[in-house]
Amino acid sequence: MTRQPLFAKNPSLLIFLACLALFTLLVTVFSEAMGTGLISTSFVKTLGKTLCLCLIAIAMDLVWGYAGILSLGHFAFFGLGGYMIGMWLMYARTRDIVVTSMANAEIPPTNAEVIDGIGNQIFGVVGSSDFPLVWAFAHSLTLQLILVVAVPGILALIFGWLAFRSRVTGVYLSILTQAMTLALALYLFQNDSGLRGNNGLSGLQNLPGADHIPQATISLWFLWASALALALGYGFATWVVSGKFGSVLRGIRDDEARVRFLGYSVEGYKLFIFTVTAIIAAIAGALYYPQAGIINPAEIAPIASIYLAVWVAIGGRGRLYGAVIGAALVSLVSTWFTGGQVPSIPLGFYTIDWVDWWQVVLGLSFVLITLFAPKGIGGLFDLFTGRTPPNRHGKDLGPDSGALQEQEADA
Amino acid sequence: MRVILLALAAILCLAPSLQAQTGPVQDLLQTHRALIEKGSRKSIAPAIDAIAASGLTEAQTVLQTWQAKDMWQRKEDKLFFRAEEVAKKTYRLYDFDSGEAVGDFDKGDLKQLKPNSGVRAMIGAALVRFQLSDPDPVRRLAALEAIQRDAEASHLEPLRASIPDEPDATIKARKEQLATLLTLRFGSDEPTRLKAIESIATNISLDSRAALNTLLTTKREISVGPAPEGTNVAAIMKPGKDLDQDAAYDMLADKGLVPPRLSPADIRTTLAAHIDGGKVAGVPVATLNTDEARAKAYAALVAQGMAQSQPTDGEIAAALAAHTIYDAYVEPSAAVTAAAEKALASIKTRVSMNQMLDLALDGISLASIFFLAAIGLAITFGVMGVINMAHGEFIMMGAYTGYVVQQLIPNYTVSILVALPLAFAVTFAAGVAMERLVIRWLYNRPLETLLATFGISIALQQIAKNIFGTQARPLTSPGWLDGAWVMNDVVSISYIRIAIFVLALTFLALFLFIMKRTRLGLETRAVTQNPRMAASMGINPDRVNMLTFGLGSGIAGIAGVAIGLFAKVTSELGSDYIVQSFMTVVVGGVGNIWGTLAGAAMIGFLQKGIEWMNPSNTLAAQTYMIIFIIIFIQFRPRGIIALKGRAAGD
Chain A
1 MTRQPLFAKN PSLLIFLACL ALFTLLVTVF SEAMGTGLIS TSFVKTLGKT
51 LCLCLIAIAM DLVWGYAGIL SLGHFAFFGL GGYMIGMWLM YARTRDIVVT
101 SMANAEIPPT NAEVIDGIGN QIFGVVGSSD FPLVWAFAHS LTLQLILVVA
151 VPGILALIFG WLAFRSRVTG VYLSILTQAM TLALALYLFQ NDSGLRGNNG
201 LSGLQNLPGA DHIPQATISL WFLWASALAL ALGYGFATWV VSGKFGSVLR
251 GIRDDEARVR FLGYSVEGYK LFIFTVTAII AAIAGALYYP QAGIINPAEI
301 APIASIYLAV WVAIGGRGRL YGAVIGAALV SLVSTWFTGG QVPSIPLGFY
351 TIDWVDWWQV VLGLSFVLIT LFAPKGIGGL FDLFTGRTPP NRHGKDLGPD
401 SGALQEQEAD A
Chain B
412 MRVILLALAA ILCLAPSLQA QTGPVQDLLQ THRALIEKGS RKSIAPAIDA
462 IAASGLTEAQ TVLQTWQAKD MWQRKEDKLF FRAEEVAKKT YRLYDFDSGE
512 AVGDFDKGDL KQLKPNSGVR AMIGAALVRF QLSDPDPVRR LAALEAIQRD
562 AEASHLEPLR ASIPDEPDAT IKARKEQLAT LLTLRFGSDE PTRLKAIESI
612 ATNISLDSRA ALNTLLTTKR EISVGPAPEG TNVAAIMKPG KDLDQDAAYD
662 MLADKGLVPP RLSPADIRTT LAAHIDGGKV AGVPVATLNT DEARAKAYAA
712 LVAQGMAQSQ PTDGEIAAAL AAHTIYDAYV EPSAAVTAAA EKALASIKTR
762 VSMNQMLDLA LDGISLASIF FLAAIGLAIT FGVMGVINMA HGEFIMMGAY
812 TGYVVQQLIP NYTVSILVAL PLAFAVTFAA GVAMERLVIR WLYNRPLETL
862 LATFGISIAL QQIAKNIFGT QARPLTSPGW LDGAWVMNDV VSISYIRIAI
912 FVLALTFLAL FLFIMKRTRL GLETRAVTQN PRMAASMGIN PDRVNMLTFG
962 LGSGIAGIAG VAIGLFAKVT SELGSDYIVQ SFMTVVVGGV GNIWGTLAGA
1012 AMIGFLQKGI EWMNPSNTLA AQTYMIIFII IFIQFRPRGI IALKGRAAGD
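Going line by line, the protein sequences match chains A and B.
For the first sequence, counting from 1, position 27 maps to 27 in this note's numbering; every step adds exactly one.
Whatever position you read off the second sequence (first residue = 1), add 411 for this note's numbering.
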């Protein structure tokens, strides 16, 4: 097989990057920061956040759609990434405030007094004033940026190593990852976890030292950063799944035992993809929460990770653009419906208020997609690219669902 | 004292000749007239004692009247009467003996006895004796409770005196116990008190522990040099070992024994107060942003005599060496406190044993809740292998069914009895519908099943929210389930938890019966092992799957009613239990009901155990438990009881 360039092998990559660039350009041109104001700052933030969600959806698609590991824990990594960057944002910003307020004192403050002041400001809500150990690096942006990658990465590495080496697979693994997410959320909910309990970290939308820059501009910066991250993430994911590594991953998804008998270290592959996607999720989270402005443990609750699976499934798993489409579509439509902007439908005896009924529609449409369109929205693209599955008819011959079908055997 | 006795004797001799025509109470009062008229706290005791001990039925009335300042003296013959104001300045007198009115008198002819508060308290103590032997048991109990709340040395004697005549056995036991508790605190001599302490050394009730703790109250004292002779020292605090050195020094400073240590804030305030032209003692203010610079500036201030010097480490050590900080018992007798410490230690051992028992009961009850929530799942997931994320919503549907039934049937007992089968019917129907419409298309695709049922789960949750609102709905348990089975002050368990335990056992038996003894169970097991073989034996796998799934869902509904009885019924009720339920089934071992039981027991006991170690924090307990489970699965990936051979499937 001759080596083809990545773009030639994956025409969708170029199309995707072009669409993303066009989208970013359009939003920039019409944003408030550029003067036209057709797109409000808050909507720019929503779009920026959506790009981050698309990035974590790509991570989910890698781990689920390609490697067949239905992880219900990737939103925990997303949240951890957000917490890590949030710690620096909150620390640095509070430091600015404390230093300003202490500047008027008769005697200039010592370093220890400033740190005490920051501690009082940040931990006052949980009845404490001392910095817990986890904040040891919060003063440094560089260290905290390293932690954005390191903490979720190491957690994923340890958890994945434990889970994969004991051959926990399939549904059991899903439940185990869900348990991990629940444990993390419950831990963060405690006041003495050191991350302000259920108050979470807030005021993250204010960049330290950038008070004079309007939010409109900052939101645009984050949109660009998110778009860049998404582009890089998409490119990376395409590269990972297009080579031999990708083939092995798909092999693991379709029949783990066979791949193992062929001599591949299945655990190593799984551990790698699990950890890498956890890191991608964490980066997405680190970009998401400064735009959201607040992070609290409820964001990490198991339900969020399940929604992530829902997006990817609706978009179509096993294809990267499907994950992006699913995440963007479902999260934007959800925002639209739950925001109360959709007119209610009066039925005479009952008025359907979409704020209340959207969840029901989402849940049921999810059931319908699972039943009738397992390929999701992305499957629509197959109609004009001509990628069709083998036409299988009749009863299967063997005990396994993947066995040859009656009519295939005849042919 | 002797003078008083002599006076008494003199009055006693004179008494009969003065009041020939009066009754015994009046005689008694006249006997002690001098003391009563004087009304001094120091000398009144014999008079009160004589009235209280007279054995006359009217004695209580007299004391109450006297205490309420309603006793008046007629000036002409010095007789005592109970008086009532009938008109302005006119009082009607009543004789104590007969209770009859004697006549109306002008206020000028009378003199009111106004006992001061000290005397009134003594009268009150004397009255306790009457309350303790009051014919009404309710008032006797009230008196006991009053004594227990606010015990005094004076209560002991009347309490002891009332014990032999007590007719009610339970009250008698309480009196005896209270007498012991009072004896150990207020007993007249050491041996009696030691005996009393010893007698309660096996008693784990809160009262006895409280009494011992009161006896062992300590006060932190500081003395120059060693602790003074004669104090009952509980412990000597060594600075740096039992006590933080700085904290110890601050204690000395609080007592004014040594100059106080200056905090950084104090130093800053002093420095700020001495700013002079942008400089403090010659040091520019702008450079004062480190502790060293501040210390230097402050030292300069001290040298100029403008500030108080900070005690050095050497001074602090010397001051601490010169003083002794110690805890002293309020109780002076060392023998008594030593015995009390010993008794308390032995009680503590007993209490902790009982706490273990209580913890075990809590663990059992939590385990039965988990078991109840998981048993439906043990059928659908464990036996059929279907991941039903909507299982929690079936629990919620059962709970809401119970709530709706209670709105229609006001009698709680009847409504629960109706709700249980109805909840089964509702969730059975829902389960069958779900199996027919969704799940049967997804057999062999477990991950898709998980997602589809999750879709149903969020839809059901939102529908429940739309119908019933977001606030919690009460599901009230019938009256006979209220309250708790109390074994002693430490061990108790509420009836509702016992009921849930019984319900869990019932379901275990039911499950075993259905699976092992009925045709449906046989067919289910056959279909689970090999559907095609079962089909060729004449079993309809579709029908069996449908019924089995319905059964599992129906049991979830009944569990929902039970859970709703102690938890608030909200639309999120189910999702609170779903992860734990899956954990229970996975930890126990899929496909085996005993495994589910073992899993529920392990998770229940573990969670209670962790909560016990860190009682303030149930969230942490859940976190650690989940981490434990993740690690546990490493060692037994197939659960506590793993299926072997062909039944294991793969």
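Even for Gly, the Cβ is constructed at its ideal location relative to N, Cα and C.
Straight-line Cα distance separating residue j from residue i
i: ILE904(B); j: ASP769(B); result: 8 Å
i: THR824(B); j: ALA789(B); result: 29 Å
i: ALA1009(B); j: ILE925(B); result: 20 Å
i: GLY1060(B); j: SER888(B); result: Its pLDDT being 49, under 50, GLY1060(B) is placed unreliably by the model, and the measurement read from it follows with that caveat. Taking the straight line joining both Cα atoms gives about 43 Å.
i: GLN818(B); j: ALA883(B); result: 15 Å
i: LEU595(B); j: THR735(B); result: 30 Å
i: ALA664(B); j: ALA150(A); result: 49 Å
i: GLU846(B); j: ALA136(A); result: 53 Å
i: VAL241(A); j: VAL797(B); result: 31 Å
i: ALA810(B); j: ALA1011(B); result: 21 Å
i: SER776(B); j: ARG928(B); result: 28 Å
i: SER428(B); j: LEU605(B); result: Reliability of the predicted coordinates at SER428(B) is poor, the pLDDT of 43 falling under 50, and no value is obtained from them.
i: GLY363(A); j: GLY1006(B); result: 33 Å
i: ASN877(B); j: MET808(B); result: 13 Å
i: ARG503(B); j: GLU511(B); result: 10 Å
i: LEU886(B); j: LEU831(B); result: 13 Å
i: VAL747(B); j: GLU601(B); result: 7 Å
i: GLN471(B); j: TYR505(B); result: 15 Å
i: ALA138(A); j: TRP88(A); result: 5 Å
Interface partners of residue i on chain B, CB under 7 Å
i: ALA419(A); result: Outside the modelled stretch of chain A, which goes from 1 to 411, sits residue 419(A), for which no answer is possible.
i: TYR172(A); result: VAL997
Per DSSP, the bridge partner or partners of residue i
i: TRP896(B); result: ILE904(B)
i: LEU351(A); result: In the sequence as presented, Leu is not what sits at residue 351(A); that position holds Thr. Per DSSP, PRO346(A).
i: LEU654(B); result: PRO650(B)
i: ASP687(B); result: LYS690(B)
Secondary structure of residue i, DSSP reduced to three states
i: MET90(A); result: helix
i: TYR264(A); result: coil
i: TYR288(A); result: helix
i: SER428(B); result: Reliability of the predicted coordinates at SER428(B) is poor, the pLDDT of 43 falling under 50, and no value is obtained from them.
i: ARG485(B); result: strand
i: ALA554(B); result: helix
i: HIS734(B); result: strand
i: VAL694(B); result: strand
i: ILE295(A); result: strand
i: ALA739(B); result: strand
i: ASP724(B); result: helix
i: SER31(A); result: strand
i: ARG1047(B); result: coil
Proximal chain A residues relative to residue i, where beta-carbon distance stays under 8 Å
i: GLU804(B); result: Here the premise fails: no neighbours, minimum Cβ distance about 10 Å.
Chain-ordered neighbours of residue i on chain B, where CB pairs are closer than 9 Å
i: ILE154(A); result: Correct list: empty, because the minimum Cβ distance to chain B is about 15 Å.
i: TRP415(A); result: Because chain A spans 1 through 411 in this model, residue 415(A) falls outside it and cannot be assessed.
Proximal chain A residues relative to residue i, where beta-carbon distance stays under 9 Å
i: LEU962(B); result: Those within 9 Å of LEU962(B) in chain A number zero; the least Cβ separation is about 21 Å.
i: ILE790(B); result: Residues of chain A passing the Cβ test: none, with the nearest at roughly 16 Å.
Within chain B, the residues that residue i reaches when beta carbons sit closer than 8 Å
i: ILE377(A); result: Per Cβ cutoff of 8 Å: no residues; ILE377(A) is ~15 Å from chain B at best.
i: PHE261(A); result: Those do not exist, as PHE261(A) stays about 15 Å from chain B at its closest Cβ, beyond 8 Å.
i: ALA313(A); result: LEU862
Residue i beta carbon near the ligand FMN (any heavy atom closer than 6 Å)
i: PRO722(B); result: The model on display carries no ligand, and the ligand FMN is accordingly not part of it.
Within chain A, the residues that residue i reaches when beta carbons sit closer than 7 Å
i: PHE782(B); result: Those within 7 Å of PHE782(B) in chain A number zero; the least Cβ separation is about 18 Å.
Which complete alpha helix (DSSP H) runs does the stretch 563 to 644 of chain B hold, if anything under 4 residues is left out?
567 to 573, 580 to 597, 601 to 610 and 617 to 626
As an exercise, report each continuous alpha helix (DSSP H) stretch of at least 4 residues that is fully enclosed by the stretch 904 to 953 of chain B, in chain order.
906 to 928, 930 to 940 and 942 to 947
Where in the stretch 494 to 534 of chain B do unbroken runs of the beta strand (DSSP E), each at least 3 residues long, occur, reported from the N-terminal end onward?
501 to 505, 512 to 517 and 521 to 523
Taking the runs of the alpha helix (DSSP H) that are 4 residues or longer, which of them lie wholly in the stretch 362 to 391 of chain A?
379 to 385
Quick one: which unbroken alpha helix (DSSP H) runs of 4-plus residues sit fully inside the stretch 201 to 244 of chain A? Chain order, please.
215 to 242
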